[in-house]
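To start, the structure itself, in structure tokens.
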Amino acid sequence: MARKDLIVGNWKMNATHLEAIQMVQKLSYRLETDDFERVEVAVCPPFTALRSVQTVIETDHLPIRLGAQDVHWQESGAYTGAVSPGMLRSLGVRFVIVGHSERRAMFGDDDAAVARKTVAVLDAGMIPIVAVGESLEQREAGTTEEIITGQLTAALRGIAPERVATLVVAYEPIWAIGTGRTADPDIAGQATAQLRAALSATSGNEVAAAVRILYGGSVNPGNIAAFMAKRDIDGALVGGASLDPDQFAAIVRYWV
Ligand code: 13P
Numbered sequence: 005m006a007r008k009d010l011i012v013g014n015w016k017m018n019a020t021h022l023e024a025i026q027m028v029q030k031l032s033y034r035l036e037t038d039d040f041e042r043v044e045v046a047v048c049p050p051f052t053a054l055r056s057v058q059t060v061i062e063t064d065h066l067p068i069r070l071g072a073q074d075v076h077w078q079e080s081g082a083y084t085g086a087v088s089p090g091m092l093r094s095l096g097v098r099f100v101i102v103g104h105s106e107r108r109a110m111f112g113d114d115d116a117a118v119a120r121k122t123v124a125v126l127d128a129g130m131i132p133i134v135a136v137g138e139s140l141e142q143r144e145a146g147t148t149e150e151i152i153t154g155q156l157t158a159a160l161r162g163i164a165p166e167r168v169a170t171l172v173v174a175y176e177p178i179w180a181i182g183t184g185r186t187a188d189p190d191i192a193g194q195a196t197a198q199l200r201a202a203l204s205a206t207s208g209n210e211v212a213a214a215v216r217i218l219y220g221g222s223v224n225p226g227n228i229a230a231f232m233a234k235r236d237i238d239g240a241l242v243g244g245a246s247l248d249p250d251q252f253a254a255i256v257r258y259w260v
């Protein structure tokens with residue numbers, strides 16, 4: 005099965021709901037419907053902007069997918085401050101990032117939490133984007149493969165292969181996030197190949213061939229082509245550059 009490339013903007017904790025409306029409108033002005041034929045495009049605004057962005061997407065019939073940056077694994081209950089998979093699903097959310105390194109580092113999301121979230125997102129009929137990545141110390145210690153494949157297999161433990169085939173993996177080396185210091189495309193190519201090999205080992209070759217693997221970390225219009233040239237990279241998870249509709253549209257236009 006051919007993998008359709010995917011480009012995802014992770015807005016992180018940026019944009020009020022009003023700013024978010026402007027951002028998605030500006031993005032749509034800069035892209036033509038044909039631009040979406042070869043690439044699927046998604047934006048992940050903060051929770052507070054999901055409803056507004058959904059309304060713009062639906063009203064203007066935009067081919068842009070809606071994503072969320074995180075989720076809780078429980079469907080409802082006494083979890084103050086948390087947002088459930090069903091709540092996201094009812095807003096038309098298609099993708100949910102789980103295990104972003106900022107969540108792992110700042111909000112205590114460990115492998116067990118990431119695994120629960122991954123299952124919960126699948127159960128709710130959405131697509132998890134499982135984020136993995138090593139720190140600079142881990143890379144320098146030569147443990148990158150062990151760390152990233154360990155994070156991935158922990159997140160997917162117990163999930164049936166046919167469900168694994170539907171999800172998305174994002175390789176985001178922590179040292180390349182928000183630093184302007186991109187991973188060398190060869191390094192990103194090697195890490196994504198290791199992740200696909202790990203998927204083959206746990207879920208079989210056919211499943212591994214179906215999973216889309218994204219690269220994330222200081223992606224911009226100038227470097228997207230070098231990453232996309234790698235066999236196992238099927239798109240990008242973009243932070244900073246996704247906040248600027250001109251930049252994000254220029255990245256999407258790589259596919260046009
Ligand atoms: P930057 O593109 O700002 O480096 O962020 C990457 C990222 O963390 C996307 O999830």
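Per this note's numbering, the sequence shown starts with residue 5, numbered consecutively.
For every residue, glycine included, the Cβ atom is placed at its ideal position computed from N, Cα and C.
N- and C-terminal bounds of the beta strand (DSSP E) containing residue i
i, result
"P132", "I131 to V136"
"L241", "G239 to V242"
"A86", "It is not in any beta strand (DSSP E) - A86 carries neither H nor E in the DSSP assignment."
"N173", "As written in the sequence, residue 173 is Val, which differs from the Asn given in the question. That run of the beta strand (DSSP E) goes V172 to Y175."
Spatial neighbours of residue i in its chain, beta-carbon cut-off 8 Å, leaving aside the 5 residues before and after
i, result
"T20", "T52 and A53"
"D114", "R108"
"R93", "A128, G129 and M130"
"E166", "V211"
"Y83", "H76"
"L31", "V47, I68, P249, F252 and A253"
Anticipated Cβ contact below 8 Å, residue i with residue j, distance rounded
i, j, result
"I11", "V45", "5 Å"
"L70", "V97", "5 Å"
"R216", "D238", "4 Å"
"Q2", "G103", "The chain is shown from 5 up to 260; residue 2 falls before or after that span and cannot be answered."
"G220", "A174", "5 Å"
Boundaries of the alpha helix (DSSP H) in which residue i is found, first to last residue
i, result
"N209", "N209 to A214"
"G90", "P89 to R93"
"L35", "No alpha helix (DSSP H) contains L35, which DSSP labels as neither H nor E."
"A145", "Unbroken run through A145: none, as it is neither H nor E."
"V168", "P165 to V168"
"Q78", "Note, Q78: premise wrong, no alpha helix (DSSP H); not H, not E."
"D64", "Where D64 is concerned, there is no enclosing alpha helix (DSSP H), given that its DSSP letter is neither H nor E."
"R120", "D115 to D127"
Per DSSP, the bridge partner or partners of residue i
i, result
"V43", "D9"
"N14", "C48"
"L70", "V47 and V97"
"I217", "V173"
"V102", "V134"
Sequence-distant residues of its chain with Cβ nearer than 7 Å to residue i (five each side left out)
i, result
"M17", "P50"
"T157", "A202 and T206"
"T148", "E138, Q142 and A195"
Residues near residue i by beta carbon distance below 6 Å, same chain, minus five either side
i, result
"V168", "L160, S207 and V211"
"I178", "S105, G137 and S139"
"V118", "V102, G103 and A159"
Could you tell me whether the region 195-213 touches the region 248-259, where touching means 3 or more Cβ pairs closer than 8 Å?
-> no
The region 166-185 touching the region 220-237, judged by at least three CB pairs closer than 8 Å | yes
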